[in-house]
Each structure stands twice: as C-alpha cells, then as structure tokens.
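Numbering (the working numbering), first residue to last: 147 to 284.
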C-alpha cells in the first residue's frame, strides 16, 4: 500500500506577484515627494564684504552701512532713523545704485528679530546683497 501521493512531492512553483507592492511603493514615494516642504533660506543668505582695497574704492557708493544698537535703534552714519525712515533710505539707496549692498553692523546683544527686520526691509526694496559685519576672534 502506497500512502504517498506523487503530487505532494512535485515542485510546485509558487508565483508571488510583487507588481501591486511596487505600485504601492511608487505611490507612497510620489505622495511624500509632493507633500514634502522644503525650507527656503534664499531670503536670508548674506555675503560677507571682502577687505580688498581696490574694490573698496570702486564699491563705496554701492555700500550702505546700517548700525543696529543693543536697544534696537537703527542708525545710518550717526543719524538715528525710525523704521519708516530706514525703509525709505533703503529704497533711495536701491534706486541710486543698481547693484546695492547693505552691511548690517549689529551689537552682539541685539535681538535677532531686529536684525531680521532690517534684512527683510532691504530685501523688500530690491537689495539682494546683504552682509553682517563681525569682529575677528582674539
């Protein structure tokens, strides 16, 4: 008596269809690519000024230096300006020189938001080149 069945020992080829799995993975990939938010820091990029004597004489008219005091006051030269006056000064500077640069000289204890407001005002007036003045470490 034979209790073994021939069909039990045959190599049945299991065919696993992974096409639906691949479809789901691609759908998830597309979903995450579409819904991902990217941080855009282009508005806050600054270019530090170069200390080359020959460029300083050529670009002095294109350079506007704004000092931000510890208390949050805005100064151009020795004259204190209100935010409205500063904005009009930035507009005037942007119109007078096509490739204007603004250097922000802020006290190290100045509120970060005050400096960002100056940067935002400059960007609004079309000034793309911003620099923050620093002192070398000793």
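Glycine included, every Cβ here is placed at the ideal spot set by N, Cα and C.
As the structure is a computational prediction, the values presented were derived from the model and not from experiment.
Worksheet item: With burial defined as no fewer than 16 other Cβ atoms inside 10 Å of the residue's Cβ, what is the status of residue 233: buried or exposed?
Response: Residue 233 sits at position 87 when you count from the first residue of the chain shown. Label assigned to residue 233: buried.
Worksheet item: Which residue from 243, 214, 179 puts its Cα closest to that of residue 263?
Response: Along the chain shown, read from residue 1 onward, the residue named residue 263 stands at position 117. Closest by alpha carbon: 214.
Worksheet entry | DSSP three-state assignment for residue 269, whether helix, strand or coil | Numbered from its first residue, the chain shown carries residue 269 at position 123. Helix at residue 269.
Fill in: Span separating the alpha-carbon of residue 230 from that of residue 280
Taking the chain shown and counting its residues from 1, one reaches residue 230 at position 84. Taking the chain shown and counting its residues from 1, one reaches residue 280 at position 134. Rounded to the nearest angstrom, the two C-alpha atoms are 26 angstroms apart.
Discussion item. Buried or exposed, going by whether 16 or more other CB atoms sit within 10 Å of the CB of residue 182?
Written reply: Locating residue 182 in the chain shown gives position 36, where the first residue counts as 1. Result: exposed.
Worksheet item: Quick one: Cα of residue 259 to Cα of residue 268, how far?
Response: The residue labelled residue 259 in the question sits at position 113 within the chain shown. The residue labelled residue 268 in the question sits at position 122 within the chain shown. Distance between the alpha carbons of residue 259 and residue 268 is about 14 angstroms.
Practice prompt. Let me know if residue 202 comes out buried or exposed under the rule of 16 or more other beta-carbons within 10 Å of its beta-carbon.
Written response: Position 56 of the chain shown, counting from 1, holds the residue named residue 202. Confidence is the limiting factor: at residue 202 the pLDDT is only 44, short of 50, which leaves the residue's position unreliable and the question unanswerable from this model.
Discussion item. Taking 6 angstroms as the limit between beta carbons, can you name the residues of its chain near residue 188, skipping five residues before and five after?
Written reply: The sequence position of residue 188 within the chain shown is 42, counting from 1. For residue 188, the predicted model reports a pLDDT of 38, less than 50, meaning its position is unreliable; a value from the coordinates is still stated below. Hits under 6 angstroms: none found.
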